[in-house]
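First to last, the sequence lines map onto chains D and Y. Once you know that position 38 of the first sequence is 38 in this note's numbering, the rest is easy, because the numbers rise by one and skip nothing. Once you know that position 104 of the second sequence is 1002 in this note's numbering, the rest is easy, because the numbers rise by one and skip nothing. The beta carbon of each residue, even a glycine, is placed where N, CA and C say it ideally should be. What follows is one structure encoded as structure tokens, with my remarks underneath.
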Amino acid sequence: MATIHIDGKTYQVKEGRNLLETCLSLGLDLPYFCWHPALGSVGACRQCAVKTFRDEQDTKGRLVMSCMEPVKDQLRLSISDKEAAAFREQVIGWLMTNHPHDCAVCDEGGSCHLQDMTVMTGHSYRNYHFSKRTHKNQYLGPFLNHEMNRCIQCYRCVRFYKDFAGGKDMDVFAAHNHVYFGRHRDGILESEFSGNLAEVCPTGVFTDKTLKQHYTRKWDMTYAPSVCQGCGLGCNIIAGERYGSLRQITTRYNGAVNGYFLCDRGRYGYEFVNSSRRIKQAAVRALTGTDIGTAEVLQYVKDKLASGKVIGIGSPRASLESNFALQQLVGRPHFHLGMSDTEHDLTTLALKILRQGHVRTPSMQEAATADAVVILGEDLLNTAPMMALSVRQAVNRQPAQEAMNTTHVANWQDAAVREAMQDKHGPCFILNVQPTRLDELATVAYQTAPETIARIGFALARALGAPLAGINDLTDQEQQLVTQMAAALMNAARPLVIAGYGSACEGVLRAASNICEALHQHAKPSMLVLTTPECNSMGLEMLGGLRLDSAVDAVMNGEADTVIILENDLYRRLDKHAADNFFRRCKEVILIDHLYNATAEKATVLLPAGTFAESDGTMVNNEGRAQRFLQVYAPATTAIQESWRWLLQLGRVTNCERLRNMEFFDDVIHALTQQVRCFAGIEKLTPPADFRIAGQKIPREPHRYSGRTAMLANISVSEPKPPVDGDTPLSFTMEGYRGEPPSSVIPFFWWPGWNSVQSINKFQVEIGGSLHDGDPGKRLIEPGGNGQLTFFTDVPDHFVACAGHLQLVPLYHIYGSEELSVHTPGIAERMPAPYIMLSPEDARRYQVAEQHQLQVAVDGHPYTFMVKVNPALQRGMAGIPAGLPGTGIVNMPQMAKV
Amino acid sequence: MFSLLRSMWLVFLHMFHKRETYQYPEHKAPIPARWRGRIALTRDPDGGERCVGCYLCAAACPVDCISLQATEAEDGRRYPLFFRINFSRCIFCGFCEEACPTYAIQLLPDFEMAEYNRQNLVYEKEDLLINSQGKYPGYNYYRVAGMSIQGKDKGEAEHEEPPVDIKSLLP
Chain D
1 MATIHIDGKT
11 YQVKEGRNLL
21 ETCLSLGLDL
31 PYFCWHPALG
41 SVGACRQCAV
51 KTFRDEQDTK
61 GRLVMSCMEP
71 VKDQLRLSIS
81 DKEAAAFREQ
91 VIGWLMTNHP
101 HDCAVCDEGG
111 SCHLQDMTVM
121 TGHSYRNYHF
131 SKRTHKNQYL
141 GPFLNHEMNR
151 CIQCYRCVRF
161 YKDFAGGKDM
171 DVFAAHNHVY
181 FGRHRDGILE
191 SEFSGNLAEV
201 CPTGVFTDKT
211 LKQHYTRKWD
221 MTYAPSVCQG
231 CGLGCNIIAG
241 ERYGSLRQIT
251 TRYNGAVNGY
261 FLCDRGRYGY
271 EFVNSSRRIK
281 QAAVRALTGT
291 DIGTAEVLQY
301 VKDKLASGKV
311 IGIGSPRASL
321 ESNFALQQLV
331 GRPHFHLGMS
341 DTEHDLTTLA
351 LKILRQGHVR
361 TPSMQEAATA
371 DAVVILGEDL
381 LNTAPMMALS
391 VRQAVNRQPA
401 QEAMNTTHVA
411 NWQDAAVREA
421 MQDKHGPCFI
431 LNVQPTRLDE
441 LATVAYQTAP
451 ETIARIGFAL
461 ARALGAPLAG
471 INDLTDQEQQ
481 LVTQMAAALM
491 NAARPLVIAG
501 YGSACEGVLR
511 AASNICEALH
521 QHAKPSMLVL
531 TTPECNSMGL
541 EMLGGLRLDS
551 AVDAVMNGEA
561 DTVIILENDL
571 YRRLDKHAAD
581 NFFRRCKEVI
591 LIDHLYNATA
601 EKATVLLPAG
611 TFAESDGTMV
621 NNEGRAQRFL
631 QVYAPATTAI
641 QESWRWLLQL
651 GRVTNCERLR
661 NMEFFDDVIH
671 ALTQQVRCFA
681 GIEKLTPPAD
691 FRIAGQKIPR
701 EPHRYSGRTA
711 MLANISVSEP
721 KPPVDGDTPL
731 SFTMEGYRGE
741 PPSSVIPFFW
751 WPGWNSVQSI
761 NKFQVEIGGS
771 LHDGDPGKRL
781 IEPGGNGQLT
791 FFTDVPDHFV
801 ACAGHLQLVP
811 LYHIYGSEEL
821 SVHTPGIAER
831 MPAPYIMLSP
841 EDARRYQVAE
851 QHQLQVAVDG
861 HPYTFMVKVN
871 PALQRGMAGI
881 PAGLPGTGIV
891 NMPQMAKV
Chain Y
899 MFSLLRSMWL
909 VFLHMFHKRE
919 TYQYPEHKAP
929 IPARWRGRIA
939 LTRDPDGGER
949 CVGCYLCAAA
959 CPVDCISLQA
969 TEAEDGRRYP
979 LFFRINFSRC
989 IFCGFCEEAC
999 PTYAIQLLPD
1009 FEMAEYNRQN
1019 LVYEKEDLLI
1029 NSQGKYPGYN
1039 YYRVAGMSIQ
1049 GKDKGEAEHE
1059 EPPVDIKSLL
1069 P
């Protein structure tokens, strides 16, 4: 700790940080542009000038840039010094010489850091009377809008895009007051993290294009804290609504999970909520054409449930509460997990490893502190994109440390550290079936079959001292790779191993576990990340239930004839023909879902469920962290309800004993924690519904929310009573407690004088640290719980190419593999067409080339795909895009006949 | 006694003064140009809608009686998809006019808006839009500032230089 004096007041602060961070952490207002908490300092904008003084007698002082000045004990500085304040005002005046006066048509207005800082410095009058330089804009794809005239040359965009996220196709061009930030020519920004530019840019050069389609100012949206549904990582998001449709997703800072950023699938994949395919009315197929209300539908379902043999099928994309309510309604012996076979096996294994192993699974921010990385069979940028961003930071760890040791600069001296590092990367090994976009970071990137990856993993575990049988049939290159990886892992202080569902091979997960257990024997604090396929796969697995197979068997054997399906499209879990047969044998199919999909086509009863934006719920991410998402807005029609509320109502009409006395969200959570022990503690994720601060609820709307008395006046001039939220401590209005709410229920980040996302500074314990009363979420799985797991010994067999057959392996795509996000037009635009990827040998053998059509048969059913050839693919294997609409093949790996 | 007679005399003299009472509605009172009456959306000299849907009027409104949705036309101009004022809530404070960066929303010297049915006091864009520039003739926001639109490319607004050729090496 150091003692510093700011404007005559004495503070105790942490040493080693810069003055800007320190001042902001202390809650003082100091303007800045080029500094970003995640990107460090470069001292480019000269906006954060303060005065430092030599000692108590020094009255003159000198101007310094606070972002470039380290904290020293007994340092004296002044923020409010007249000269410093005048300097800051002058600087922003210069920055604004070419800024167009177009706030009225700028999407950033109202959440603009430049506006905030201009007000903060007091710059109010333009002294520059000459003409402004202008720039042409570029087309940057479906996600970002470019308006280069607004640029103030802070360089944050390229520092994020190139340095932090590893993008290649954006840079700074030209010189002096002509500098231009963009691509070398118009085109789609390639990076999976490009959407963050909208938040990183302090002004409106890069703005959210999907928001522009239904533009709403920040102050006009109804917000709630939410959790991304795009993959198993569970990044925290803030969702904003206006006029009954979801408008925007922004990052909800969580110091443990996603930090300041989001991937583009998470940021832009929300538009399924506004889709025209939404189910908006409860419907019964047998009563089509008649005008029936919810009560009649419930009555119909009650009769069917009473007469039928009922089973329930849950869903990895539904909340824990909904799955639990279904489990209670149908009874534990009749509850099936709605996961495909492969996903089920992989998630079960992942849960077993995390529960029984000795190794801790890190959060994304912890993973970023690793200094050696081994990725087994995972194309991270497509299966768990934000984890790839953590890996990018992790591979910089070692060279950055070296640079700091040799040049003696602090880690926040971004430009200096990067200059000293040059292109060096720490040890990183990527083994996958095809090259990945992270390979550029890899010390060695090696492509082979998943089984071989597993075998290399087992050999690596043995090389690290695991008591396993030797694997003798590795090639020389593979053997060398094992030695190299073993050395790197042994040298590392915090090694990280990543595996997961991407390889679709249990052996790979076992190998990853073995490697970490072997490192554990050496008392190395190793970390193991296992990715999961969907947002609540892990939670569903922890809740427990029967396999989907057994549901099919039960219906086929006649043991069941009525199925309740919860938020699930079985055509994504089962082979099309198996699903068709299954539905043919079902007497009643009751579907609770929000989008009209192939399963809805077969349903006899449709109950409209709320999406994540219209529901409260809890999900468990791949690290076993339970996180709560809260309802953003009340749907326009009362027919749309949370899935768990539908199930509670079904419980009420059928007099289900297990669902007795449950009405509100807190009741479901209470019952869940009572019945399933591993979920103990999730009731504290957010405060209960009766939580009040100073007798008030927490408002979902900012205090400057507009149009209350006009937005519904076209329907009726008498304003309706706002909806009442009995499930959460949040209110649907702008009335309520205006101070800082508990971190888990912060609906939006705003602070007086700080309208932009930069106001996060005011909610953190220290810059880049956790939120004021801890980061939201609770880890339910901690290592060494029982420590039963030691080593897996079942090494998978070598992959052997089979004549006339191809082994189909799943290839994941950030845009396309996820079920819901493809309903965003921009994501659909970037989705590839279905294809089959072959090795050149196989392409020759089957006499096809790129763009040709190839027909393969799976279980006797033909599928035709366009051929892509990839020289890195193993002979005898074929890659099929997983989950892509129109692909039709589920449950990979599978053998296919050519 | 004297003061009594004086008062009667003064009252008597008023009979010959100019009448201040207007025979409304047959006679209308002259209203100053800056009178804060009915709100209208004006047009720019080209006839285009001046409103760019920036939401500032809605934010400034103390009774929250303005609601709108911004959208963008093919030619790049922003305009309100709908623009609704609930005059049964409006207090005619004029804050919306002050907040408007494009002189679009203006309060006119017209107060004759009474209705028997309150619902009829909800004005939509069609009711608000007038075929006039209102109090600020000649002003065209897109000529002064704003993004490029059809017919006004980058560098063609006032006080703008032609767009930079970023591939040029000249200083």
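Annotation: Cβ neighbours of Y/Arg1016 in chain D (cutoff 9 angstroms, chain order): Val717 and Ser718. Secondary structure note for D/Gly167: it is in no beta strand (DSSP E), with a DSSP letter that is neither H nor E. Taking D/Leu685 as the centre and dropping the five residues before and after it, the same chain places the C-beta of Thr618, Ala626, Gln627, Arg628, Ser744, Pro776, Gly777 and Lys778 closer than 8 angstroms to its C-beta, in chain order. With contacts defined by Cβ atoms closer than 8 angstroms, Y/Arg948 and Y/Tyr1001 form a contacting pair. Counted as a single uninterrupted DSSP element, the alpha helix (DSSP H) harbouring D/Val482 occupies residues Asp476 to Asn491. Looking at the DSSP output, Y/Ala938 shares a beta bridge with Y/Gln1004. DSSP, read as helix, strand or coil, puts D/Arg628 in strand.
If the five residues before and after D/Val668 are omitted, its C-beta is found closer than 7 angstroms to the C-beta atoms of Glu321, Phe324, Ala325, Trp644 and Met662, all from its own chain and listed in chain order. No residue range can be given for D/Arg46, since it is assigned to no alpha helix (DSSP H) and is classified by DSSP as neither H nor E. Take Y/Arg941, set aside five residues on each side of it, and the residues of its chain with a beta-carbon closer than 8 angstroms to its own are Glu947, Arg948, Leu1027, Ile1028, Asn1029, Ser1030 and Gln1031, in chain order. For the options D/Gly167, D/Cys157 and D/Gln153, the alpha carbon positioned closest to that of D/Ala175 is the one of D/Gln153. Annotation for D/Arg585: Val555 and Met556 place their beta carbon closer than 7 angstroms to its own, counting only its chain and skipping 5 residues before and after.
Excluding five sequence positions before and after Y/Cys998, the CB atoms of its chain that fall closer than 6 angstroms to its own CB belong to Cys955, given in chain order.
Below the 7 angstroms Cβ cutoff, chain Y contributes Ala1043, Gly1044 and Met1045 as neighbours of D/Asp102, in chain order. In chain order, Gly110 and Ser111 place their CB closer than 6 angstroms to the CB of D/Lys218, counting only its own chain and leaving out the 5 sequence neighbours on each side. Distance from the Cα of D/Phe791 is smallest, within the candidate group D/Glu440, D/Gly43, D/His520 and D/Asp291, for D/His520. In the DSSP annotation of this structure, D/Met556 is not part of any beta strand (DSSP E); the continuous alpha helix (DSSP H) holding it starts and ends at Leu548 to Met556. Identification of chain Y residues near D/Glu147 by a Cβ-Cβ cut-off of 9 angstroms yields Met1045, ordered along the chain. Taken atom to atom, the span from the alpha-carbon of D/Ile515 to that of D/Phe799 is near 21 angstroms.
Assigned with DSSP and collapsed to three states, D/Gln401 falls in helix. Close CB contacts of D/Pro796 within its chain, under the 6 angstroms cut and outside five residues either way in sequence, are with Glu451, Ala454 and Gly507 (chain order).
Distances from the alpha-carbon of D/Ile456 to those of D/Gln477, D/Val330 and D/Asn581 put D/Gln477 closest.
When the beta-carbon positions are compared, D/Gln248 and D/Gly240 come within less than 8 angstroms of each other.
Where D/Lys868 is concerned, the enclosing beta strand (DSSP E) starts and stops at His861 to Val869. In this chain, the beta strand (DSSP E) harbouring D/Asp208 covers Phe206 to Asp208.
When 7 angstroms is used as the limit between beta carbons, D/His178 is near these residues of chain Y: Val1062 and Ile1064, in chain order.
For D/Gly109, the C-beta contacts it makes with chain Y under 9 angstroms involve Cys952, Tyr953 and Leu954, in order along the chain. The segment 998-1067 of chain Y is shown to contain whole alpha helix (DSSP H) runs of 4 or more residues at 1023-1026 and 1039-1042, in chain order.
Burial state of D/Asp569 is buried, judged by a 10 Å Cβ sphere holding 16 or more other Cβ atoms. Put simply, the backbone Cα of D/Met1 is about 5 angstroms away from that of D/Val13. Its chain contains Pro37, Ala38, Thr251 and Tyr253 as the residues whose beta carbon lies nearer than 7 angstroms to that of D/Tyr260, once the 5 sequence neighbours on both sides are disregarded; these appear in chain order. If you look at D/Met542, you'll find it in the alpha helix (DSSP H) that goes Ser537 to Leu543. Judged by their CB atoms, D/His813 and D/Met837 are not nearer to each other than the 8 angstroms cut-off.
Distance between D/Leu95 and D/Phe206, taken at the CA atoms: about 17 angstroms.
Beta-carbon to beta-carbon, D/Val50 and D/Ile92 are separated by about 15 angstroms, too far to satisfy the 8 angstroms threshold. Apart from the 5 residues on each side of it in sequence, D/Gly888 sits with its Cβ closer than 7 angstroms to the Cβ of Lys576 and Tyr863 in its chain, given in chain order.
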